[in-house]
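Protein chains in written order, with the working numbering: chain F, 932 to 1152; chain H, 932 to 1152; chain E, 932 to 1152; chain X, 932 to 1152. Backbone N, C-alpha and C define an ideal beta-carbon position, used for all residues, glycine too. Inspection log for the structure reproduced underneath, given as structure tokens.
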């Protein structure tokens, strides 16, 4: 009984997912989370290349796996008529003032139309799908996605993307708080570290969201 | 180099705190997080009393310590003229429909004027201080606190209270995303478990908020 | 064909009102809109008392009529189980910083527990009804009413109260824009002047809200 | 003393406008407000062409004048380094579910990349300027413009565009309520009718916004 709260509290109930009521959200599935540019940055920052490469290998595998799983989910959602929303990091211009303070403070500026900003090919939007650009962490603070989903009568969201302990977490907490049922696909997202990813799952699961694996979700769609 | 992101990214810069620009937020410092009612619930739920008591002892110490530290901070903030905002869990009535869905789903209803809803004596509001009632996790989704702070030209917040991995986390992420500088006082809050508290600190620190201990903060006020 | 737009555009469709889906909103039905304190202010401001009294007579009749109609609607809504929300002008303290800038700029501060802030007896809240305090014009910008109504699955609102060309207008426009069906009870609200009240009805009707008279509404409840 | 309120209340104070603190907003300056497509619609709707043409002539002159004035303001703002934000009616797709309910109800759907959606050439955006797409009336409810302006430390807005009694009104009220100083350029916007335009100016002026003519503004920039 390490966690008295979990033991005592009624776990969040399961909820039904279905087209027109549930939307798939893909968070920041852009090349900026790719290990290659991170490695280049690391080397530029003076880190030992071999060591950095080693450290990024495990991360890279996690990202690739999440993209692959998100791709399967995306294809299934398209087939079954779920609404799809792609969220991306992108400012309206390179002027730092047009980026949210939280990221401006860390010099994390994403101007339009850069290579780093490109969606991963496996999960890029097609015509008719929603795309939202943000410059902060959470999609619900930084874009008008709530306005759009709400007017569509969307009641629940399937969450995938990057990074579990940053933008995904902020998006999930906010969505849950304003009334959406949130389903986090735990192997279609990953964190800055494996430990942080797992910590978020542990904190969030049954408390403010439900989780499924990709195979479980594919069966439920 | 376990965490390449932390290694590579520029840590969030320090920021100045000062009266009229910085507000102290006390999150859910109410008797509902006290170990005594939790123990009663545990026994009612059929758990072994002795075992539950044991499990809650460590939790209880963390809560008491956080309250004590928050009390010191509150007293100092009052003395120096900082704005103070008390956030509490409280619905406008016992009707479950008046509680946010996220908590209604788990039967977590807090009607007005209950013993469980009382603020801890050490940190209860005095006349002229702001009080916000919410029925969800995050203070910025569930109350009009952003409207109020923004109109006061508040730019940064000092965060204390309960629970680090739930309402404090949701409040911190949201505040940071909409532009507030956030300072989490790591020993004036605590989590459902020690592990979850520490995991949140690890994830949040220098990424979307800064942290200080109570003694460090008292010096900086 | 004075108004080509009205002639061309499809008028907003009628919508059904029913308990649990429709809430009654009473905006600022407080003694502050009463003609008596206005007269006192006028005299204090150096205006001719007789002239001011004359000017306020017509206003006073409009206010009294609106209160009387709102009372009938409130009683009917209570009987039939509609949710009721009372919105009032009230700051958390007399400190001007705790009042929204828009009203602070005009020195319009409403501290708690004043005579001016009292609800009209005819329409004051009873236990279990929602009450929201604001310091600006619109209820949806200045309070968490959207959060509450949305979590209650409220889809439409009946609007009454003061003043048609200020707080009622701001509340109606905002509510309509975020997806609520809005029904303005045209004889249960009034404006700063009769002309302004009528101008708002003309602008709003069938464009972003529907209107009914009190008798029409009482039949439809 | 027709309007006791105006007589008694302290008029909204003047405020300073300056680059980096003030942004220019151009609301819905798109071909959809042009009289030509309106005429075509009118004829399609079975109205007498000559009569409709006559009715639209006066409207057309008002629109053209407002565009011309907005163009002068836009050029001056660009020259002096003011931030510029273009707001437009545009949904992410032709699917009515992707348009806000308020406009979906009236079948007012604006898919991407249509002739009707094009900005007037005189005031179209250039690279680096902000563009926000909305499907409802108010820019602050339907887009993330508040998030962006707030992160830019914008404190006041200059409002131009269409239509005074619809989107401009909703945007102005909301902006004022959340703390922006609002300056409406009364001859750089117009309404569905001249009467409605004038009624809005009368209601709004000195109450929740300040007004200037284009020549007055050009001097003040």
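Original post:
Do residue 941/H and residue 1037/F have their C-beta atoms within less than 8 Å of each other?
Top reply: Yes; because the gap between Cβ atoms is below 8 Å, this pair is in contact.
Subject >> Partner residues on chain X for residue 1157/F, Cβ-Cβ distance less than 7 Å >> reply: This structure leaves residue 1157/F out entirely; chain F is present only between 932 and 1152.
**OP:** Give the single residue among 1049/F, 1041/F, 1010/F, 1014/F whose Cα lies nearest to the Cα of residue 1023/F.
**Re:** Of the listed residues, the one whose Cα sits closest to residue 1023/F is 1041/F.
Original post:
From the beta carbon of residue 944/X, is the nearest beta carbon of chain E less than 8 Å away?
Top reply: With 8 Å as the cut-off, residue 944/X counts as an interface residue toward chain E.
Original post:
Can you list the residues of chain E that residue 967/X reaches, using a CB-CB cut of under 7 Å?
Top reply: Identification of chain E residues near residue 967/X by a Cβ-Cβ cut-off of 7 Å yields none; the smallest Cβ-Cβ distance measures about 12 Å.
**OP:** Using a threshold of 8 Å, state whether the C-beta atoms of residue 1005/E and residue 1100/X are closer than that.
**Re:** Going by beta carbons, residue 1005/E and residue 1100/X fall outside the 8 Å limit.
Original post:
What are the residues that DSSP puts in a beta bridge with residue 1014/F?
Top reply: According to DSSP, residue 1014/F bridges with 954/F.
Original post:
Would residue 1127/F count as contacting chain H if we go by Cβ distances under 8 Å?
Top reply: Chain H contact via Cβ: present.
**OP:** Determine which residues of the segment 1078–1100 of chain H have a Cβ less than 8 Å from any Cβ of chain X, and write them out in chain order.
**Re:** Of all residues in the segment 1078–1100 of chain H, only 1078, 1081, 1082 come within less than 8 Å of chain X when Cβ atoms are compared, listed by chain position.
Original post:
If you run the structure through DSSP and keep just helix, strand and coil, what is residue 1046/X?
Top reply: DSSP places residue 1046/X in coil when its eight states are reduced to three.
Original post:
Residues of chain E with CB under 7 Å from residue 1110/F, in chain order?
Top reply: Here the neighbours are 1081, 1082.
Original post:
Going along the segment 1029–1058 of chain X in order, which residues come within less than 8 Å of chain E, judged by CB to CB distance?
Top reply: Listed in sequence order: 1031, 1032, 1033, 1036, 1037, 1038, 1039.
Original post:
Relative to the alpha-carbon of residue 1026/F, which residue among 1134/F, 1018/F, 1035/F has its alpha-carbon at the smallest distance?
Top reply: The shortest CA-to-CA distance from residue 1026/F to any of 1134/F, 1018/F, 1035/F is the one to 1035/F.
Original post:
What's the gap between the Cα of residue 1107/X and the Cα of residue 999/X?
Top reply: Cα to Cα, residue 1107/X sits roughly 26 Å from residue 999/X.
Original post:
Helix or strand or just coil, what does DSSP make of residue 1115/E?
Top reply: Looking at residue 1115/E - three-state DSSP - the assignment turns out to be strand.
Original post:
From residue 1007/H to residue 1152/H, what distance separates their C-alpha atoms?
Top reply: One alpha carbon belongs to residue 1007/H, the other to residue 1152/H, and they sit about 8 Å apart.
Original post:
Taking buried to mean at least 16 other C-beta atoms within 10 Å of its own C-beta, is residue 1065/E buried or exposed?
Top reply: So residue 1065/E ends up on the buried side.
**OP:** Figure out for me which residue from 1127/H, 1124/H, 938/H, 1116/H has the closest Cα to the Cα of residue 982/F.
**Re:** The candidate whose alpha carbon is nearest that of residue 982/F is 938/H.
Original post:
Whose C-alpha, out of 943/E, 1056/E, 1043/E, 1075/E, is nearest the C-alpha of residue 1060/H?
Top reply: Residue nearest to residue 1060/H within the set 943/E, 1056/E, 1043/E, 1075/E is 1043/E (criterion: CA-CA distance).
Original post:
By the 10 Å Cβ neighbour count, where 16 or more other Cβ atoms means buried, how is residue 1117/H classified, buried or exposed?
Top reply: When all chains shown are included, residue 1117/H counts as buried.
**OP:** Give the secondary structure of residue 1090/E by DSSP, where H, G and I count as helix, E and B as strand, and everything else as coil.
**Re:** In the structure shown, residue 1090/E sits in a strand (DSSP, three-state: E or B).
Original post:
Is residue 992/F near residue 1054/F, with beta carbons less than 8 Å apart?
Top reply: Going by C-beta atoms, residue 992/F is not nearer than 8 Å to residue 1054/F.
Original post:
Quick one: which chain E residues come within Cβ less than 8 Å of residue 1073/H?
Top reply: By Cβ distance, chain E contributes 1075, 1078.
**OP:** Could you work out which residues of chain F lie near residue 1024/H, taking near to mean beta carbons separated by less than 9 Å?
**Re:** Within chain F, no residue comes near residue 1024/H; the closest Cβ sits about 18 Å away, beyond 9 Å.
Original post:
Of all the CB atoms in chain E, is at least one closer than 8 Å to the CB of residue 957/H?
Top reply: No Cβ of chain E is located within less than 8 Å of the beta carbon of residue 957/H.
Original post:
According to DSSP, is residue 1136/F helix, strand or coil?
Top reply: In this structure, residue 1136/F counts as strand in the three-state DSSP scheme.
**OP:** Would you mind telling me which residues of chain E sit closer than 7 Å to residue 977/X, beta carbon to beta carbon, in chain order?
**Re:** For residue 977/X, none of the residues of chain E pass the 7 Å Cβ criterion, the least Cβ distance being about 11 Å.
Subject >> Candidates 1028/E, 936/E, 949/E, 1013/E: closest to residue 1015/H by CA position >> reply: Of the residues 1028/E, 936/E, 949/E, 1013/E, the one whose Cα lies closest to the Cα of residue 1015/H is 1028/E.
**OP:** Check whether the segment 1128–1147 of chain X touches the segment 968–975 of chain X, counting contact only when three or more Cβ pairs, one atom from each stretch, lie closer than 8 Å.
**Re:** Flag = no, the segment 1128–1147 of chain X and the segment 968–975 of chain X do not touch.
Original post:
For a contact meaning CB atoms closer than 9 Å, what does residue 1061/F contact in chain X?
Top reply: Residues of chain X with a Cβ closer than 9 Å to the Cβ of residue 1061/F are, in chain order, 1023, 1024, 1029.
**OP:** Over the uninterrupted beta strand (DSSP E) stretch that includes residue 1141/E, give me the two end residues.
**Re:** Counted as a single uninterrupted DSSP element, the beta strand (DSSP E) harbouring residue 1141/E occupies residues 1141–1143.
Original post:
Does the distance from the C-beta atom of residue 1068/E to that of residue 1033/X stay below 8 Å?
Top reply: Not a contact, by the Cβ cut-off of 8 Å.
**OP:** Indicate whether at least one CB of chain H lies closer than 8 Å to the CB of residue 972/F.
**Re:** Closer than 8 Å: yes.
Original post:
Candidates 953/X, 1084/X, 1115/X: which alpha carbon is nearest residue 1146/X's?
Top reply: Taking the Cα of residue 1146/X as reference, the smallest distance to any Cα among 953/X, 1084/X, 1115/X is reached at 1115/X.
Original post:
Using 8 Å as the threshold, is the segment 1083–1092 of chain X in touch with the segment 942–962 of chain X, meaning 3 or more CB pairs across them?
Top reply: The answer is yes - the segment 942–962 of chain X touches the segment 1083–1092 of chain X, with three or more Cβ pairs under 8 Å.
Original post:
Can you tell me whether DSSP reads residue 1063/F as helix, strand or coil?
Top reply: Shown here, residue 1063/F sits in a strand according to DSSP, grouped into three states.
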